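Report on the following structure.
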Amino acid sequence: MSELRVGRLWKGVLIAVGLGAAVLLLAACGGGGSSSTGSETSAASTGEEASAGESASSGGEPSGEPIVFGDVYGPPAAGGKGVLQGMEIAANQLNEEGGIDGRPVELKALSTDASPEAVAAAYRELGQDPSVMGVSVGFIGTPTLRALSETVKLPVISASGNDEIDIPASKYVFGNSFSGEYATAAVTWGVKNKGVKKIAIIHYESPSGQSKPPAIEKRCEELGCELVDVEEGLSTDSAAKLEPALTKMRASGAEMYFIEGQNPNGFKAAETLGMLNEGKVIVSDNWLTAPVTAKACGKPCEGVWFATSKVRLNNLNELEPNDPVKPIGIKYKKQWAENFPKEEFNEFSTYGYDEVASMAFAAEKGVKNGEEISRDSIAENLQHFSGKEFLSFDGYYESSPEDHRLVPKEFSQGYIGAVITLKGNEVIYSLAPDSPASGAEA
Numbered sequence: 000m001s002e003l004r005v006g007r008l009w010k011g012v013l014i015a016v017g018l019g020a021a022v023l024l025l026a027a028c029g030g031g032g033s034s035s036t037g038s039e040t041s042a043a044s045t046g047e048e049a050s051a052g053e054s055a056s057s058g059g060e061p062s063g064e065p066i067v068f069g070d071v072y073g074p075p076a077a078g079g080k081g082v083l084q085g086m087e088i089a090a091n092q093l094n095e096e097g098g099i100d101g102r103p104v105e106l107k108a109l110s111t112d113a114s115p116e117a118v119a120a121a122y123r124e125l126g127q128d129p130s131v132m133g134v135s136v137g138f139i140g141t142p143t144l145r146a147l148s149e150t151v152k153l154p155v156i157s158a159s160g161n162d163e164i165d166i167p168a169s170k171y172v173f174g175n176s177f178s179g180e181y182a183t184a185a186v187t188w189g190v191k192n193k194g195v196k197k198i199a200i201i202h203y204e205s206p207s208g209q210s211k212p213p214a215i216e217k218r219c220e221e222l223g224c225e226l227v228d229v230e231e232g233l234s235t236d237s238a239a240k241l242e243p244a245l246t247k248m249r250a251s252g253a254e255m256y257f258i259e260g261q262n263p264n265g266f267k268a269a270e271t272l273g274m275l276n277e278g279k280v281i282v283s284d285n286w287l288t289a290p291v292t293a294k295a296c297g298k299p300c301e302g303v304w305f306a307t308s309k310v311r312l313n314n315l316n317e318l319e320p321n322d323p324v325k326p327i328g329i330k331y332k333k334q335w336a337e338n339f340p341k342e343e344f345n346e347f348s349t350y351g352y353d354e355v356a357s358m359a360f361a362a363e364k365g366v367k368n369g370e371e372i373s374r375d376s377i378a379e380n381l382q383h384f385s386g387k388e389f390l391s392f393d394g395y396y397e398s399s400p401e402d403h404r405l406v407p408k409e410f411s412q413g414y415i416g417a418v419i420t421l422k423g424n425e426v427i428y429s430l431a432p433d434s435p436a437s438g439a440e441a
């Protein structure tokens, strides 16, 4: 396990201290550029809405004991440093706006493998640092964190969408990703816009993959469609290994094929079998949001409908003019280009930004209530987001003591039906035909 400590990301200056080679990881991912594009008076001082593009802060030069947020990130196949990059942008912006209650923000990141034991060990290690006020575990969050959190008592946010992590609510554990909605959005679109009634799916072994069949089956009960075939493969299977499963889907009589995007070889197998030229509706999930996955899939994925963050669209003017996500998305993409000029935009980084921004806003809420900034105050205030108090890249967060899923009430606030087009080495994300600019229904 390696550590990366990101110090005062302030006024365009990056001060990093940590373990030799680990510090170089930050330089490799382009961190340290000035990210602020200017901001209005923050919600911390006005009581107005805070957002993913405008974090709560106090103004002035940050000083005193730093407030540290931790990150546990896995290998590239499990999201890599994408979430951390978003956290860096948020920390930069917070410090340029005065920090949290005037105190500077630092990040402490631990690199590990994606096993439950390794993630738990990293979370426990961060918990032993009293300066750490909250932790992100990105896409490698596991249910083992629930029980461990009662001992470590450190707020942790997972973007894995695994219901077993944050449902039912546990004091220190939160999620900021939808779950089965990424799959049911595709089903809803196919039923309502293409009139499909029979659906066949293939999914893979990850927790998010396992969540898809029951979510689709439940949604079909509501919509009047039928799940006629469910196939399972491995995210590492070759196209040849997946062909038998795809052959069964083809023989099922389905009018729509749902092919999970985590393994691009599923689409290649479908192409080999001629399934992409049968006139059937082809849909997927938000794995295609990652350009590396979309490129690995190539031409077979062009025209495939899937739900993705509105911020993922290459042209945000495809959104409705008054969409609240549009201006913060435009600002964030500019910040990304300034911080990581040699890298393609990573939409998954927005989870990291939102995690830091929401924990910072929870801390500021506590300060306004006369509370010291602490792990307990942040955990307490994270469960009281409502109305238009905090605008994330997914939309307006809603939470309660009974619901620790930091997402909006409606999937359509942050997600859109999209298709990809490949132009050379570039992936173009566009609003899908027959999909409303207001967002995708799940």
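Residue numbering for the sequence shown follows numbering that gives the first Met the number 0, beginning at 0 and increasing consecutively. Note that beta-carbon positions come from the ideal geometry of N, C-alpha and C, so glycine has one too. The model shown is predicted, which means the values in this text are computed figures rather than measured ones.
Legend entry - Secondary structure of K294, DSSP reduced to three states: It is helical.
Inset, instruction - Kindly indicate which three-state DSSP category R4 falls into: helix, strand or coil? - result: Any reading at R4 needs caution, since the residue's pLDDT is 47, under 50, leaving its predicted position unreliable; the model's value is listed next. Reduced to three states, the DSSP call for R4 is strand.
Inset, instruction - Out of E87, C224, L222 and S178, point me to the one whose CA is closest to Q209's CA. - result: S178
Legend entry - Distance between E259 and E342 (C-alpha atoms, nearest Å): 26 angstroms
Inset, instruction - Taking 7 angstroms as the cut-off, decide whether the C-beta atoms of K197 and A253 are in contact. - result: yes
Inset, instruction - For the alpha helix (DSSP H) containing G365, list its first residue and its last residue. - result: Where G365 is concerned, the enclosing alpha helix (DSSP H) stretches over S348 to K367.
Legend entry - Beta carbon of A214 nearer than 7 angstroms to that of L245: no
Inset, instruction - Give me the Cα-Cα distance between G297 and A113, rounded to the nearest whole angstrom. - result: 27 angstroms
Inset, instruction - Could you check how far apart the C-beta atoms of S176 and G160 are, in whole angstroms? I think they sit under 8 angstroms. - result: 4 angstroms
Legend entry - Candidates P103, D162, A121 and G137: closest to R404 by CA position: If we check each option's Cα against that of R404, D162 comes out closest.
Inset, instruction - Return yes when at least one heavy atom of the ligand SAH lies under 6 angstroms from the C-beta of E425, else no. - result: For the structure depicted, the ligand SAH is absent and the ligand set is empty, with no information on it obtainable.
Legend entry - Neighbour-count burial assignment, N276, 16 or more Cβ in a 10 Å radius: exposed
Legend entry - Under 7 angstroms between C-beta atoms of Q382 and S357: Between Q382 and S357, the gap from beta carbon to beta carbon reaches 7 angstroms or more.
Inset, instruction - Write down the C-beta distance between A359 and N380 rounded to the nearest angstrom, noting that I regard them as a contact closer than 8 angstroms. - result: Not really, about 11 angstroms apart at Cβ, beyond 8 angstroms.
Inset, instruction - Report yes if the C-beta distance between E401 and A168 is below 7 angstroms; otherwise report no. - result: yes
Legend entry - Assigned exposure category for P75 - 16 Cβ within 10 Å defines buried: Counting C-beta atoms within 10 angstroms of its own C-beta, P75 has fewer than 16 neighbours from the protein chains shown and is therefore classed as exposed.
Legend entry - Unbroken stretches of the beta strand (DSSP E), 3 residues or longer, contained in the region 197 to 246: 197 to 202 and 225 to 231
Inset, instruction - Would you mind stating whether G413 and K309 have Cβ atoms separated by less than 7 angstroms? - result: In this structure, K309 lies closer than 7 angstroms to G413 by Cβ.
Legend entry - Whether P299 touches E270 by CB criterion (7 angstroms): yes
Legend entry - Every unbroken beta strand (DSSP E) inside the region 124 to 205 [3 residues or more]: 131 to 135, 155 to 157, 172 to 174 and 197 to 202
Legend entry - 7 angstroms Cβ shell around A119 - same chain, five flanking residues per side excluded: T143, L144 and L147
Legend entry - Anticipated Cβ contact below 8 angstroms, E180 with A441, distance rounded: 4 angstroms
Legend entry - Cβ-based neighbour list, E301, same chain, cut-off 8 angstroms, excluding 5 preceding and 5 following: V418, I419, T420 and L421.
Legend entry - Span of the alpha helix (DSSP H) around L381: Taken as a continuous stretch (DSSP letters only), the alpha helix (DSSP H) holding L381 covers R374 to L381.
Legend entry - Between the CA atoms of S234 and T111 - distance to the nearest angstrom: 20 angstroms
Legend entry - Neighbourhood of E216 by C-beta distance below 7 angstroms, restricted to the same chain and skipping five residues each side: L226
Inset, instruction - Answer with buried or exposed for G137, where buried requires no fewer than 16 other C-beta atoms within 10 angstroms of its C-beta. - result: buried
Inset, instruction - Please name the residue, chosen from N313, Q92, A117 and E116, that lies closest to L106 on a Cα-to-Cα basis. - result: Q92
Legend entry - Cβ neighbour criterion (16 or more within 10 Å) applied to N314: Exposed, because fewer than 16 other Cβ atoms sit within 10 Å of the Cβ of N314.
Inset, instruction - Scan the region 63 to 120 and note each continuous alpha helix (DSSP H) run of 4 residues or more that stays entirely inside, going in chain order. - result: 81 to 95
Legend entry - Distance between D375 and P263 (C-alpha atoms, nearest Å): 42 angstroms
Legend entry - Option nearest G273 by Cα separation, candidates N94, R249, T292 and K294: Cα-wise, what sits closest to G273 is R249.
Legend entry - As assigned by DSSP and simplified to three states, the class of V270: Looking at the sequence shown, residue 270 is not Val but Glu. Looking at E270 - three-state DSSP - the assignment turns out to be helix.
Inset, instruction - Using a threshold of 7 angstroms, state whether the C-beta atoms of F257 and V282 are closer than that. - result: yes
Legend entry - Reduced DSSP secondary structure (H/G/I, E/B, other) of A417: Strand at A417.
Inset, instruction - Note down the Cα distance separating S135 from F68, rounded to an integer number of angstroms. - result: 8 angstroms
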